[in-house]
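So the protein sequences, as listed, match chains P and V. First residue of the first sequence? That's 1 in my numbering, and the numbers climb one at a time after it. First residue of the second sequence? That's 1001 in my numbering, and the numbers climb one at a time after it. Heads up, the thing below is written out as structure tokens.
2 protein chains.
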Amino acid sequence: MYLCVRNTGDQIYNTKYEVDSLYLLIYLLAKIYLQSSNQYLRLEGSLWPIVYPFMYTYLFFSFVFFCSDIEISRGQAPKPIHILAKEIGLLTEEIEIYGQTKAKVRLSLLERLKDQPDGKYVLVAGITPTPLGEGKSTVTIGLVQALTAHLKINSFACLRQPSQGPTFGVKGGAAGGGYSQVIPMEEFNLHLTGDIHAITAANNLLAAAIDARTLHENTQSDKALYNRLVPLVHGERKFSAIQLARMKRLGITKMDPKTLTADEINKFVRLDIDTSTITWQRVVDTNDRFLRKITIGQANTEKGFSRQTQFDIAVASEIMAILALTSSLSDMKERLGKIVIANNTKGQPVTAEDLGVTGALAVLMKDAIKPTLMQTLEGTPVFVHAGPFANIAHGNSSVLADKLALKLVGKEGFVVTEAGFGADIGMEKFFNIKCRASGLIPNVVVLVATVRALKMHGGGPNNKCIFVVGFLSFPIQNLKLVSDGCSNLLKQIQITQQFGVPVVLALNVFRTDSPAEINLVCEIAKQSGAFDAVPCRHWSEGGRGTMELAEAVRKAANQQNNFRYLYDLELPIVEKIRIIAQKIYGAQDIELSPAAQSQINCYTQQGFGNLPICMAKTHLSLSHMPEKKGVPTGFVLPISDVRASIGAGFIYPLVGTMTTMPGLPTRPCFYDIDLDPDTEQVKGLF
Amino acid sequence: MYLCVRNTGDQIYNTKYEVDSLYLLIYLLAKIYLQSSNQYLRLEGSLWPIVYPFMYTYLFFSFVFFCSDIEISRGQAPKPIHILAKEIGLLTEEIEIYGQTKAKVRLSLLERLKDQPDGKYVLVAGITPTPLGEGKSTVTIGLVQALTAHLKINSFACLRQPSQGPTFGVKGGAAGGGYSQVIPMEEFNLHLTGDIHAITAANNLLAAAIDARTLHENTQSDKALYNRLVPLVHGERKFSAIQLARMKRLGITKMDPKTLTADEINKFVRLDIDTSTITWQRVVDTNDRFLRKITIGQANTEKGFSRQTQFDIAVASEIMAILALTSSLSDMKERLGKIVIANNTKGQPVTAEDLGVTGALAVLMKDAIKPTLMQTLEGTPVFVHAGPFANIAHGNSSVLADKLALKLVGKEGFVVTEAGFGADIGMEKFFNIKCRASGLIPNVVVLVATVRALKMHGGGPNNKCIFVVGFLSFPIQNLKLVSDGCSNLLKQIQITQQFGVPVVLALNVFRTDSPAEINLVCEIAKQSGAFDAVPCRHWSEGGRGTMELAEAVRKAANQQNNFRYLYDLELPIVEKIRIIAQKIYGAQDIELSPAAQSQINCYTQQGFGNLPICMAKTHLSLSHMPEKKGVPTGFVLPISDVRASIGAGFIYPLVGTMTTMPGLPTRPCFYDIDLDPDTEQVKGLF
């Protein structure tokens, strides 16, 4: 149990506050004028010449004095990771250093600390997000900075590793921002310790094995297949361990390869994969839209066995979900073996184990299973482990990281983790899938909202450009828009309450929010049943700006906890989907496509009916229609297809059309990303 | 300059020799009987019952007492990598630790040691390989073990990082074997420090950028493209640095985006990629034969702009060649920008720089540029950097690793590096491409041969099964076969001599080779002009088994060196190809396909005519016909196509049909690969 982390946060404020005082003067002048009009302002027509000078002064100072995220990240030298590891009570033999700022933590730690009581478990979730994100990662980091570096309470942040696809595409990185970041942010946002690459390698080895096996079965006799699968080595044929396991599943109890009958050989050598049922896709960690639908196997060497398939973004791989949900190396290996890749021609599931690839997948993933230790800007510990994309995956960081962190912080400490997108998406999966897998019970939910997002939910414009949104469209107090938009906040609070966990609203404050707006949101939240509601200024102030939140979370964690899952696993798949659709999304009902219905029947008949549900749904609305903000009602949720991740352990229905591969825009982020070859510094990551 | 490396090699021999004495007794009994017949023996018919008992005794002891490569690797605890780093004179700030056994070495070291004289530079090459490999990696490691751990001369091995494709496919790993290995071999053979993953990520980001850009150009007006490429940010449009560079190339000198004419905007926004000329392929580090020819872009979102393309194995990426040939971070960035991905519709080259992705590629590769330090079984230092596949790539380790190592060993020290496949393939490229890029001059070539391979070149059977080959087919002395097969050895010695570097034959001895065979090969080699020829027993004895070779190499390194390139860069492309075909492969002439001729004309006209040549040719024969062993003559080399790697800096002609993506066999290596979840040990890697 660690007791202190040296607060290295103070030094970063010095230069910042000097700049701020000048900036604030200009800002206030602009604010006084603008607030006097007290109306929703679009800078058109006659107002333009008046606002112009203010805007430019603001912009000038913003750009001259304000630092970008990567500049802030670079401005703070991270402490050597072995020092941090020592501070939080890790033994030298429990870490594997990766450079100066990252270390993998061995799972043996769980065994050493098994008698240590767990700390408090806090989930950060959000309202339905706007295209800009509401700042869940920054709140998570701000909160642990406040707890550890300022209130001197042990805490740990558990974050997800970002995908390189969006980092080089549209979204940028996911290290937090401003004065609430994981540093060095370029390490966090790039290869990290290679976990996603390992997932890609494992995923694609399995994919290659499927098609190669199909080809070999299609072009060889039973005898030829058998002679190759059980080859003559030193005059003898022997089954490998994985082959004996398959024989057992087939009900063949013989140990000597010579004694198999022709029929048994046929059963043994032929997986008879029905290629039309293959659900295992290849993956890349790149936004490559041209791989959304492809035809493979068109070279002559593949003898005409071409088929249509697709690539997904790597983080959507079932192996990522397995990594997030597994509890140990042996559990991971077992899950990898259980992955169902297709049905055979008799409609029975074919697994990775049947392909003989379980051990190889486990070998490829043996290092990825260890969480990566990094630090916040204020020197507090962070685990980075497993992946994002809560819309098409479960989008939570790993069970193992949370478990290790809960032991490390000790009974009075706090572990803060984040669920992707809105509470309806990431949090629902956190409770029903991740908590079920881990057996852990969360103590508090922190729900993140911003005034500008609530305005959008209240009917404000949808503008993707951050700065223009931040200043030009929303600088003016508009209590009506805010109040209307709080419907979404209210709904997300209600969703959280269904799980019986106290909820604290963290209002991520921007400079453009007025005090009246901030008060209004906090009041509404409290009236809606939130345990507390506090404004947070972590982006501009780091941990100091989140101390009020930290106090509120500490109090909420001592509340009585009536945690419960939303549905019973034993219910039929359709029922479980309906419960989520109605109780979480507010749908009237669900509508299954014939394909979805037939898949559900198939999985139920195969014995997979009692798994939890991982919905693949847009994150931009409570409904399946991204443009419907606020709280849509009266809709029927269309389930277009249903897949199964048997290794990960869930059924995932696809709501409407969900792409599992993002694309690159006309001007991707990479236009601004550069490397200074002399200083080796990265530019343009955000 | 480092002076001592603690020899940790001794302890590994203890158990080994105890086992060996028992084994040798049995082996000698068998040998005495078998050699008495002195004929080429196939175990058929009447001999079978006589040989049977010997064979089984041999097999029994081999299996009971002999260790597999991974068991040997695991039997020796590697010293902590920071200790090794210190021993060889690296400063703490010059290394980045990756776990206990790997470290990346910073390029700043080159600057610190710039006044240090270089050591001797030794290349290990081979005869035309048989499917089993002749042991170049083991000789390389055995040689540095002998030099450093036994003769106390500073030395460094520079090896290539293996591809995971063959590791899980047919070939297994590439860490060496027996008592001449890089340890831990599972670290070496798996993700290492992520370099190949970084190459894959960079390669595929560029590929995704190409297709996305084509789609956006095909579906947007000039104005829409311009507005997106040079977006309005805070009321202003500004060109990014990479865009200004493109403007300059287009001859547009304006700085203000507002002032461009419609014609200039058209020129600026349209790369007008002729998709039929795209030579940039996607890559995966998996043997996935179904990706050899594919159709991409078939989803509705890609609006019908589908096209046929392929995936290559990741190590064949031009970015791997750039990594191997680059001299610094700024040189790498420049090379990445110069990559030509296609022609535009006017026949002009389109580059990565035109796509605005140079900086992002450099950022993805910023860690991969640092060589990885590991160690041999006897604790001597090894750099692992850049990749294999000398048939479809240049197949040499990196210039940077060699340069760093040459400084580290000091004037009297030795750096031993390996070129892939036969001397006609890897060594030719080493001299003409890699040495030209580095400016380094090799002192000695070590040519590796085995008796069993020479027998195959002499007309013996081609048998892929290692043990059956090793014992059943070649146990009997057959001087005629050996002598005939030496034609290939002679030819490879002659090839080496054309470059003016002294050559030492290293005969990798197997237990089944007779003294007469060994002597014969060494005699023929010396008569053919080799400086020396010595048998090596590094596989079974480690560095002790290669001390004679080490002495020979030391003497040869003091010989006069008349190093010269094979061809003048200023010659026309066709002439350079012809020189390689005739002087190296022994071809009568070359024959260009119309496609190849037209590509050569195009590259010459584009100004790329003065680059060196990187032939893509089978490694299994001096000719283009894999089945032709020995020294084929009188053949005409067919050049089916010609490509250009402008960033790497070479033209690569394709000889006949060369696949750039291996496949998985019916029973891939992965059937035997497993992970023990309790001990975390890897099984079945070799």
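Even glycine gets a Cβ: it sits at the ideal position worked out from N, Cα and C. Every value quoted in this text rests on a predicted model; they were computed, and no experiment measured them.
| Cβ-Cβ distance between P:G656 and P:P638 below 8 Å | In this structure, P:P638 lies closer than 8 Å to P:G656 by Cβ.
| Would you report the Cα separation of P:Q681 and V:K1104, rounded to the nearest angstrom? | Those two C-alpha atoms are separated by around 17 Å.
| request: Report buried or exposed for V:V963, applying the criterion of at least 16 other Cβ atoms within 10 angstroms of its Cβ. | output: Only positions 1001 to 1686 of chain V appear in the structure, and residue 963 of chain V is not among them; the question remains open.
| Name the DSSP beta bridge partners of P:T376, please? | Paired residue(s): P:V182.
| Under the three-state DSSP convention, the category V:E1591 falls into | Under the three-state reduction of DSSP, V:E1591 is assigned to strand.
| task | May I ask you to report which of helix, strand or coil DSSP gives P:T259? | result | Helix at P:T259.
| query | By the 10 Å Cβ neighbour count, where 16 or more other Cβ atoms means buried, how is P:V64 classified, buried or exposed? | reply | In this prediction, P:V64 scores a pLDDT of 41, lower than 50, which makes its location untrustworthy; the coordinate-derived value is nonetheless stated afterwards. With fewer than 16 other CB atoms across the displayed protein chains lying within 10 angstroms of its CB, P:V64 is exposed.
| message | Check whether chain P comes within 8 Å of V:H1385, counting only Cβ atoms and requiring the distance to be less than that. | response | Taking CB atoms only, V:H1385 has no neighbour in chain P less than 8 Å away.
| Residues of chain P with a CB under 7 Å from the CB of V:I1083: which are they? | Contact of V:I1083 with chain P by beta-carbon distance below 7 Å is absent, the smallest such distance being about 14 Å.
| Which value, in whole angstroms, describes the spacing of the CA atoms of P:H624 and P:T618? | So the two alpha carbons sit approximately 6 Å from each other.
| How is V:P1677 classed by DSSP in three states: helix, strand or coil? | Of the three classes helix, strand and coil, the one that applies to V:P1677 here is coil, per DSSP.
| task | Scan the region 570-646 of chain P and note each continuous alpha helix (DSSP H) run of 4 residues or more that stays entirely inside, going in chain order. | result | Here the runs fully enclosed are 573-579, 594-605.
| message | Check for me: the alpha helix (DSSP H) holding P:L404 runs from which residue to which? | response | Note, P:L404: alpha helix (DSSP H), 399-409.
| Who are P:G177's beta bridge partners in DSSP? | Beta-bridge pairing by DSSP links P:G177 to P:S180.
| message | With a threshold of 8 Å between beta-carbons, can P:V51 be considered close to chain V, or not? | response | With a pLDDT of 49 at P:V51, under the threshold of 50, the predicted position of this residue should be treated as unreliable, though the coordinate-derived value follows. Cβ-Cβ to chain V under 8 Å: no for P:V51.
| query | Within 8 Å (strictly less), CB to CB, does P:R335 reach chain V? | reply | No, because no Cβ of chain V sits closer than 8 Å to the Cβ of P:R335.
| If we ignore side chains and look at the alpha-carbon of each, how far apart do V:A1556 and V:F1430 end up? | Rounded to the nearest angstrom, the two C-alpha atoms are 19 Å apart.
| message | Does V:Q1308 pass the burial test, meaning 16 or more other C-beta atoms within 10 Å, or should it be called exposed? | response | Label assigned to V:Q1308: exposed.
| task | Please check if any C-beta of chain P sits within less than 8 Å of the C-beta of V:N1266. | result | Among the CB atoms of chain P, none fall inside 8 Å of the CB of V:N1266.
| How close, in whole Å, do the beta carbons of P:A352 and P:I278 come, if the pair is a contact with beta carbons under 8 Å? | Contact between P:A352 and P:I278 fails: their C-beta atoms lie close to 13 Å from each other, not under 8 Å.
| field | CB contact flag (V:L1291, V:Q1310, <8 Å) | value | In contact: V:L1291 and V:Q1310 (Cβ atoms closer than 8 Å).
| task | Identify every residue that forms a DSSP beta bridge with P:Q308. | result | According to DSSP, residue pairing for P:Q308 in a beta bridge involves P:T295.
| request: Using beta-carbon positions only, say whether V:K1455 and V:N1432 come within less than 8 Å of one another. | output: No. Outside cutoff.
| query | In three-state DSSP terms, what is P:G542? | reply | Collapsing the DSSP output to three states places P:G542 in a helix.
| task | Report the option in V:G1165, V:I1392, V:S1155, V:A1533 whose CA atom is closest to the CA atom of V:E1087. | result | Closest by alpha carbon: V:S1155.
| field | C-beta neighbour in chain V for P:R667, strict 8 Å | value | So yes, P:R667 belongs to the interface.
| field | Whole-angstrom distance between P:G395 and P:T140, CA atom to CA atom | value | Each residue's alpha carbon lies about 15 Å from the other.
| said: Does the region 1180-1197 of chain V come into contact with the region 169-182 of chain P, if we say contact requires no fewer than three beta-carbon pairs (one atom in each stretch) closer than 8 Å? | reply: Contact between the region 1180-1197 of chain V and the region 169-182 of chain P is not established, with fewer than three Cβ pairs separated by less than 8 Å.
| said: Considering only their Cβ atoms, is the gap separating P:T380 from P:T148 smaller than 8 Å? | reply: Taking the C-beta atoms as reference points, P:T380 is found nearer than 8 Å to P:T148.
| query | How many angstroms separate the CA atom of V:Y1121 from the CA atom of V:L1377? | reply | Rounded to the nearest angstrom, the two C-alpha atoms are 22 Å apart.
| task | Specify, as a first and last residue, the run of the alpha helix (DSSP H) that V:T1219 falls within. | result | Taken as a continuous stretch (DSSP letters only), the alpha helix (DSSP H) holding V:T1219 covers 1195-1219.
| field | Which residues DSSP lists as bridging V:N1344, in chain order | value | Paired residues: V:I1273.
| In terms of residue numbering, what span does the beta strand (DSSP E) encompassing P:P349 cover? | Going by DSSP, P:P349 is part of the beta strand (DSSP E) stretching over 349-351.
| In three-state terms, what does DSSP make of V:S1108? | Helix at V:S1108.
| task | Could you tell me which of V:K1171, V:R1282, V:R1249 sits nearest to V:A1209, measuring between CA atoms? | result | Among V:K1171, V:R1282, V:R1249, the Cα nearest to that of V:A1209 is on V:R1282.
| query | Any idea what DSSP makes of V:R1667, helix, strand or coil? | reply | Of the three classes helix, strand and coil, the one that applies to V:R1667 here is coil, per DSSP.
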